[in-house]
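**Q**
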Amino acid sequence: MIQLKNVHKNFEGKPVLRGLNLEIYDGEIITIIGASGAGKSVLFKNIVGLMKPDSGEIIVDGVDITKLDEDELHKVQTKFGMLFQGAALFDSLNVYENVAFGLRRLTNMNEVQIKRKVAELLEVVNLSGTQNLPVSALSGGMKKRVGLARALATSPKYLLYDEPTTGLDPILADSINKLIVKVNKQLKVTSIVVTHDMKSGFEISHRIAFLSDGVIKETGTPDEIKNSKLEELRKFISLYFQ
Ligand SMILES: Nc1ncnc2c1ncn2[C@@H]1O[C@H](COP(=O)(O)OP(=O)(O)O)[C@@H](O)[C@H]1O
Ligand SMILES: [Mg+2]
Numbered sequence: 005m006i007q008l009k010n011v012h013k014n015f016e017g018k019p020v021l022r023g024l025n026l027e028i029y030d031g032e033i034i035t036i037i038g039a040s041g042a043g044k045s046v047l048f049k050n051i052v053g054l055m056k057p058d059s060g061e062i063i064v065d066g067v068d069i070t071k072l073d074e075d076e077l078h079k080v081q082t083k084f085g086m087l088f089q090g091a092a093l094f095d096s097l098n099v100y101e102n103v104a105f106g107l108r109r110l111t112n113m114n115e116v117q118i119k120r121k122v123a124e125l126l127e128v129v130n131l132s133g134t135q136n137l138p139v140s141a142l143s144g145g146m147k148k149r150v151g152l153a154r155a156l157a158t159s160p161k162y163l164l165y166d167e168p169t170t171g172l173d174p175i176l177a178d179s180i181n182k183l184i185v186k187v188n189k190q191l192k193v194t195s196i197v198v199t200h201d202m203k204s205g206f207e208i209s210h211r212i213a214f215l216s217d218g219v220i221k222e223t224g225t226p227d228e229i230k231n232s233k234l235e236e237l238r239k240f241i242s243l244y245f246q
């Protein structure tokens with residue numbers, strides 16, 4: 005379980021997170037929605053310890069990661085898989101090397117084991133047999149899926165996705181959504197999605213949290229969010245959910 009308690013983050017005096025509270029339960033898919041610039045990526049980076057809040061607690065399985073030194077933080081970070089906007093792959097490497105990257109860095113697997121694991125992961129993301137393709141030759145949707153396979157390589161407990169469907173056509177977005185659900189169910193990965201893609205949020209999430217003015221203003225099931233009385237959220241939904 006992850007608990008965010010009274011998290012504040014400013015940039016040059018400009019507040020982005022202003023006392024944010026949120027709980028993320030084991031096994032769920034939670035989508036954090038909010039407008040562009042609301043602070044979703046900043047929140048993402050704070051949760052995984054890539055950015056430190058100015059104040060507040062970020063408790064991962066009982067440990068406040070804001071209080072850890074670098075070595076201790078790196079240990080906790082092995083619990084996280086991350087899929088960044090734009091997938092952030094190594095373009096000069098092939099699919100195999102991209103997926104194997106985390107395994108080489110964080111495990112003692114030998115090449116035979118790595119080979120088997122990469123094949124397994126590529127099967128999960130429906131990319132079997134693409135090991136030798138150069139990443140530069142892949143479509144946007146395929147790159148996302150390679151990024152997902154790489155994020156899954158080290159068997160994370162928590163998987164964070166930053167705008168996984170933004171900029172994809174509806175069919176591709178749908179296939180990524182199906183994968184997020186499949187990975188959550190099949191591998192029992194707690195899944196945290198930050199996005200302004202309301203439609204995807206409604207489709208895949210157990211719970212949705214609405215980020216605005218640096219705090220979570222509402223949380224609930226997709227149905228509860230659709231029926232929220234919060235005027236600002238109703239407006240957001242009508243803007244982003246056609
Ligand atoms: N490293 C940074 N330095 C200064 N300002 C930042 C930094 N990262 C984010 N911001 C600012 O924080 C705000 C929220 O950004 P972000 O979390 O990227 O929004 P989004 O919800 O679109 O992901 C923006 O105003 C952005 O300019
Ligand atoms: Mg962002």
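For the sequence shown, the working numbering assigns the number 5 to the initial residue and increments by one for each residue that follows. Note that beta-carbon positions come from the ideal geometry of N, C-alpha and C, so glycine has one too. Computed from a predicted structure; not experimentally measured.
(1) Is LEU137 helix, strand or coil by DSSP?
(2) Pair every Cβ in the segment 186-196 with every Cβ in the segment 150-163, then say whether three or more of these pairs are closer than 8 angstroms.
(3) Helix, strand or coil: how does DSSP classify ASP166 here?
(4) Give me whichever residues DSSP pairs with PHE15 in a beta bridge.
(5) What is the rounded straight-line gap between the Cα of ALA123 and the Cα of LEU152?
(6) What did DSSP end up calling SER216 once you bin it into helix, strand or coil?
(7) Looking at the unbroken beta strand (DSSP E) that takes in GLY144, where does it start and where does it end?
(8) Strictly by DSSP, which residues pair up with ARG211?
(9) Is any non-hydrogen atom of ligand 1 found closer than 6 angstroms to the C-beta of ALA42, if you look at the structure I gave you?
(10) Do LEU107 and ALA157 come within 7 angstroms of each other at the CB atom, strictly closer than that value?
(11) Scan the segment 60-131 and note each continuous beta strand (DSSP E) run of 3 residues or more that stays entirely inside, going in chain order.
(12) Give the single residue among MET86, ILE28, VAL116 and GLY85 whose Cα lies nearest to the Cα of TYR100.
(13) Is DSSP giving LYS9 helix, strand or coil here?
**A** Based on what the coordinates show:
(1) Translated into positions along the sequence shown, residue 137 becomes position 133. Correct three-state label for LEU137: coil.
(2) Judged by Cβ distances under 8 angstroms, the segment 186-196 makes contact with the segment 150-163, as three or more pairs qualify.
(3) Along the sequence shown, read from residue 1 onward, the residue named residue 166 stands at position 162. Taken through DSSP and simplified to helix, strand or coil, ASP166 comes out as strand.
(4) Position 11 of the sequence shown holds residue 15. PHE15 is bridged by DSSP to LYS18.
(5) In the sequence shown, the residue the question calls residue 123 occupies position 119. In the sequence shown, the residue the question calls residue 152 occupies position 148. Taking the CA atoms as reference points, ALA123 sits about 14 angstroms from LEU152.
(6) The residue labelled residue 216 in the question sits at position 212 within the sequence shown. SER216 carries a strand assignment under DSSP once its states are collapsed to helix, strand and coil.
(7) Taking the first residue of the sequence shown as 1, we reach residue 144 at position 140. For GLY144, no beta strand (DSSP E) run applies; the uninterrupted alpha helix (DSSP H) run containing it begins and ends at 144-156, by DSSP.
(8) Translated into the one-based positions of the sequence shown, residue 211 becomes position 207. Looking at the DSSP output, ARG211 shares a beta bridge with ILE34.
(9) Locating residue 42 in the sequence shown gives position 38, where the first residue counts as 1. Indeed, a heavy atom of ligand 1 lies less than 6 angstroms from the Cβ.
(10) Along the sequence shown, one-based indexing puts residue 157 at 153. Along the sequence shown, one-based indexing puts residue 107 at 103. Their beta carbons are under 7 angstroms apart, which means ALA157 touches LEU107 by this criterion.
(11) Along the segment 60-131, the beta strand (DSSP E) occurs as fully enclosed runs of 3 or more residues at 84-87, listed in sequence order.
(12) Within the sequence shown, residue 100 is the residue found at index 96, counting from 1. Checked all of MET86, ILE28, VAL116 and GLY85; the closest Cα to TYR100 is VAL116.
(13) Position 5 of the sequence shown holds residue 9. Here LYS9 carries a strand assignment [DSSP, helix/strand/coil].
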